[in-house]
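Okay, structure first, notes after.
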Amino acid sequence: METLSFEFPAGQPPKGRALVGCVGSGDLEVLLEPGTAGTLTIQVQTSVNGAQQRWQHLFERIFQEQTPPALKIDIHDFGATPGVVRLRLEQGFEEIGHD
Amino acid sequence: MTDLLTKHSFVELGARQRAKALLDVGTYRELIDPFQRVMSPWLSRQGVVPQADDGVVIAKGSIAGLPVVVAAIEGNFQGGSLGEVGGAKIAGALELAGEDNRNGIPTRAVLLLETGGVRLQEANLGLAAIADIHAAIVDLRQYQPVIGVVAGSVGCFGGMSIAAGLCSYLVVTREARLGLNGPQVIEQEAGLEEYDSRDRPFIWSLTGGEQRFNSGLADRYVADDVVQIQQTVSALLQQGAPEQPRSRRADFYLARLAELDTAAQIEPATVSALYQGERP
Amino acid sequence: MRGLQWFNALSAGATPVEGLPDSLKVADGVLGKQAVRFIAVVTDPNNRFPRARSGEVGLLEGWGLAKAVDEAIATGDKRPIIAIVDVPSQAYGRREEALGIHQALAAAADSYARARLAGHPVIALLVGKAMSGAFLAHGYQANRLIALRDPGVMVHAMGKASAARVTLRSVEELEALAASVPPMAYDIDSYASLGLLWETLSVSQIEQPTSDDVARVTDCLVQAIKDVAQPDLKGRLGATNRAASSLVRQLLREQW
Chain A
1 METLSFEFPA
11 GQPPKGRALV
21 GCVGSGDLEV
31 LLEPGTAGTL
41 TIQVQTSVNG
51 AQQRWQHLFE
61 RIFQEQTPPA
71 LKIDIHDFGA
81 TPGVVRLRLE
91 QGFEEIGHD
Chain B
1001 MTDLLTKHSF
1011 VELGARQRAK
1021 ALLDVGTYRE
1031 LIDPFQRVMS
1041 PWLSRQGVVP
1051 QADDGVVIAK
1061 GSIAGLPVVV
1071 AAIEGNFQGG
1081 SLGEVGGAKI
1091 AGALELAGED
1101 NRNGIPTRAV
1111 LLLETGGVRL
1121 QEANLGLAAI
1131 ADIHAAIVDL
1141 RQYQPVIGVV
1151 AGSVGCFGGM
1161 SIAAGLCSYL
1171 VVTREARLGL
1181 NGPQVIEQEA
1191 GLEEYDSRDR
1201 PFIWSLTGGE
1211 QRFNSGLADR
1221 YVADDVVQIQ
1231 QTVSALLQQG
1241 APEQPRSRRA
1251 DFYLARLAEL
1261 DTAAQIEPAT
1271 VSALYQGERP
Chain C
2001 MRGLQWFNAL
2011 SAGATPVEGL
2021 PDSLKVADGV
2031 LGKQAVRFIA
2041 VVTDPNNRFP
2051 RARSGEVGLL
2061 EGWGLAKAVD
2071 EAIATGDKRP
2081 IIAIVDVPSQ
2091 AYGRREEALG
2101 IHQALAAAAD
2111 SYARARLAGH
2121 PVIALLVGKA
2131 MSGAFLAHGY
2141 QANRLIALRD
2151 PGVMVHAMGK
2161 ASAARVTLRS
2171 VEELEALAAS
2181 VPPMAYDIDS
2191 YASLGLLWET
2201 LSVSQIEQPT
2211 SDDVARVTDC
2221 LVQAIKDVAQ
2231 PDLKGRLGAT
2241 NRAASSLVRQ
2251 LLREQW
């Protein structure tokens, strides 16, 4: 198990918070809460070791499409594929709303 | 419309959605929600990723207007196993429901059981928490019905199957399994001849929801359907406590077991006939 | 055989209670100056259920314990109940699962809990193994848990071989982890650090107690009975190694 931290430029914090997913096999749990304006912080606790670069690239790809809101995100990962991670994050963004 | 179009699976719902589905609309209020991050103090240090709610959802609300606390176990996290935090959440909620009743508030409880029992990474603390849960069910049951639901797909095993056995009423589906010992453990302890953990039809025939209902070891057999489960739980809550909970029928069960020929290995039909009498 | 030895030693002169499965030893006797009921689960090589012949808690034992405790409740005299615990495991078998061993164990836990709620001091004396479902059915509902200090006295949720299989570890890995994680350990000192025991005490001959041993244990049981003031299990909370159990209860109360 490894704990990783990431930071990305962001917009304004949203009002709401959201929880999606579950720490089940091949899945992950994502907690999204309002952060500090301009910054998105992510902490990942993952069962898969040595994947810092893969997480970094995945987040970069997701956030380059659109500037994310300012969030504090906690991820508890139980071996999710990049596709599942992206899906869960999109679900989370959807739930808190983008405005 | 056909059933296929109108049914919504309860089994496919997560613990939080299940609790919401049972409570009257707009009354759901979660206690120690996941954003409070009261997580297992034991998993991370063993290299196991924790979950923010430790796999247990406690929600207060009402069902048919009656005050209820729901405890729902998330079967997808660590097999629904109970550790210190999740176990204390259930025990503590039941203890407070008992206290409510002593203070004139008729809080009832519903337990959504998807669990392998004790979480082995927290072994003795899980076992202690389960003893606390047993104690609290027996206490609360003096005042109000405690309803257990085993919907599936994990089933209900280990010390929590004993908790199921303590409930005033037990609701099961076809997807449910209920037993003290997990198939793997029985095979490990007793051998393949006694119990083949890979023989799924054999295991379902002995411990599946339908068989448990037919043997009188569960009170309601329902479809995997949100509305049907909600209505069944609601009706049982309104019905009040049973005259004699199953766990107080020692004389009956000892008399039945005395009649059994234990020389031969057992068949499912033998159990239902022994406990329920021959059926036409 | 420890359970039987201690049952015989503590209940010397007591009146045996009949009408129960042979795997149960139950007697009404006197402890200090108080009438008590002693209950033990013992080996029974002729048990009709072959998977419950070595002291395991099975179907007959679960329902039988319930009956033995219910009878004590029915006397109405709130006599203390002494559960002598030496149970290697619940019974693992096809008959047991099919016939609802979980329900039998629930009946035992139910009766012990109701005895406690009805004002009977319930004391569990751990003289050997106190394993998993067997302990939940026989002992864990007690107001006070007392353990003898001995390598053969252990509390756990699952035997080592099965625990290793289920957690996908080797027995060696499991033992290494247990050494650093108190709730996973099998020894009684680690268990004591969880705050669940009211008392531990040493005896000189745990397998065949001397009269001194019996006197010391009797004295401890008498003290434990006197110490019981409330019918609940709150006395088990408070240890540092079980801090989360208290924190969760505090938060639930605040948010209730």
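Residue numbers (our numbering), protein chains in the order written: chain A, 1 to 99; chain B, 1001 to 1280; chain C, 2001 to 2256. Ideal placement from N, C-alpha and C gives every residue a C-beta, glycine not left out.
| Check | Outcome |
| --- | --- |
| With a threshold of 8 Å, are at least 3 pairs of Cβ atoms found where one atom belongs to the stretch 2155–2169 of chain C and the other to the stretch 2128–2139 of chain C? | yes |
| My parser needs the beta strand (DSSP E) runs of 3 or more residues fully inside the stretch 1125–1153 of chain B; what are they? | 1146–1150 |
| Does the beta-carbon of C/Gly2019, which I'm using as the reference point, lie nearer than 7 Å to any heavy atom of the ligand ADP? | Among the ligands in the structure shown, none appear at all, so the ligand ADP cannot be discussed. |
| Alpha carbon to alpha carbon, how far is B/Asp1054 from B/Gly1085? Give it in angstroms, no decimals. | The question names Gly, but residue 1085 of chain B is Val in the sequence shown. About 7 Å. |
| Less than 8 Å between the beta carbons of B/Glu1194 and B/Ile1203, yes or no? | no |
| By the DSSP assignment, the alpha helix (DSSP H) with B/Met1160 in it spans what residues? | 1159–1166 |
| In chain B, what lies closer than 8 Å to C/Arg2095 by C-beta? | Thr1262, Gln1265, Ile1266 |
| According to the neighbour-count rule (16 or more other Cβ atoms, all chains shown, within 10 Å of its Cβ), is C/Ile2206 buried or exposed? | buried |
| Using only alpha-carbon positions, find the residue among B/Val1069, B/Ala1273, B/Phe1252, B/Tyr1221 that is nearest to B/Leu1022. | B/Val1069 |
| Would you call the CB atoms of B/Asp984 and B/Ser1009 closer than 8 Å? | Absent from the structure is residue 984 of chain B, since the part of chain B shown begins at 1001 and ends at 1280. |
| Determine, for B/Tyr1275, whether the minimum Cβ-Cβ distance to residues of chain A falls below 8 Å. | no |
| Given a threshold of 16 other Cβ atoms within 10 Å of its Cβ, counted over all protein chains shown, does B/Pro1106 qualify as buried or as exposed? | exposed |
| How about C/Arg2249: is its C-beta nearer than 8 Å to some C-beta of chain B? | yes |
| Which stretch, first to last residue, makes up the alpha helix (DSSP H) that contains B/Ala1259? | A small fix is needed here, since residue 1259 of chain B is Glu in this sequence, not Ala. Run containing B/Glu1259: 1250–1259, per the alpha helix (DSSP H) assignment. |
| Compare the C-beta of A/Leu89 against all C-beta atoms of chain B and say whether one is closer than 8 Å. | no |
| I'd like to check one pair, B/Leu1094 with C/Leu2060: are the Cβ atoms closer than 8 Å? | no |
| Quick check on DSSP: helix, strand or coil for B/Tyr1169? | strand |
| Figure out for me which residue from B/Arg1248, B/Val1150, B/Gly1026 has the closest Cα to the Cα of B/Val1233. | B/Val1150 |
| Between B/Met1001 and chain A, is the shortest Cβ-Cβ distance under 8 Å, so that the two count as touching? | Any reading at B/Met1001 must be qualified, since the residue scores a pLDDT of 44, below 50, and its modelled position is unreliable; no value is offered. |
| With a threshold of 7 Å on Cβ separation, who are the neighbours of A/His98 within its own chain once the five nearest residues in sequence on each side are excluded? | Unreliable placement is indicated for A/His98, whose pLDDT of 48 sits below 50; no coordinate value is reported for it. |
| May I ask which residues mark the beginning and end of the beta strand (DSSP E) holding A/Ile75? | 71–77 |
| Assuming B/Ala1123 and B/Ala1091 form a contact by the criterion Cβ under 8 Å, report the distance between their Cβ atoms to the nearest whole angstrom. | Going by Cβ atoms, the distance from B/Ala1123 to B/Ala1091 rounds to 17 Å, so no, they are not a contact pair. |
| So, helix, strand or coil for A/Lys15, using DSSP? | coil |
| In angstroms, rounded to a whole number, what distance separates the CA positions of C/Ser2190 and C/Ala2147? | 12 Å |
| My understanding is that C/Leu2201 touches B/Leu1125, with C-beta atoms under 8 Å, so please give their C-beta distance in whole angstroms. | About 24 Å; that fails the 8 Å criterion. |
| With a threshold of 8 Å between beta carbons, is B/Arg1108 in contact with chain A? | no |
| In chain B, which residues lie with their C-beta within 7 Å of the C-beta of C/Asp2162? | Strictly speaking, residue 2162 of chain C in this sequence is Ser, with Asp absent from that position. What C/Ser2162 touches in chain B: Val1185, Gln1188, Glu1189. |
| Could you have a look at C/Pro2016 and say whether DSSP puts it in helix, strand or coil? | strand |
| Do the CB positions of A/Gly21 and A/Arg86 come within less than 8 Å of each other? | no |
| Out of B/Lys1089, B/Leu1274, B/Gln1188, B/Gly1083, point me to the one whose CA is closest to C/Glu2254's CA. | B/Lys1089 |
| The alpha helix (DSSP H) with C/Ala2113 in it runs from where to where? | 2101–2117 |
| Can the beta-carbon of C/Trp2006 be found closer than 8 Å to that of C/Ile2084? | yes |
| Which full runs of the beta strand (DSSP E) of 3+ residues lie inside the stretch 2188–2234 of chain C, going along the chain? | 2199–2201 |
| Can you give me the Cβ contacts of B/Gly1165 inside the same chain, cut-off strictly under 6 Å, excluding the 5 residues immediately before and after it? | Ser1247 |
| Could you please give the first and the last residue of the uninterrupted beta strand (DSSP E) stretch that includes A/Phe8? | 2–9 |
| Quick one: which chain B residues come within Cβ less than 9 Å of C/Thr2167? | Leu1120, Gln1121 |
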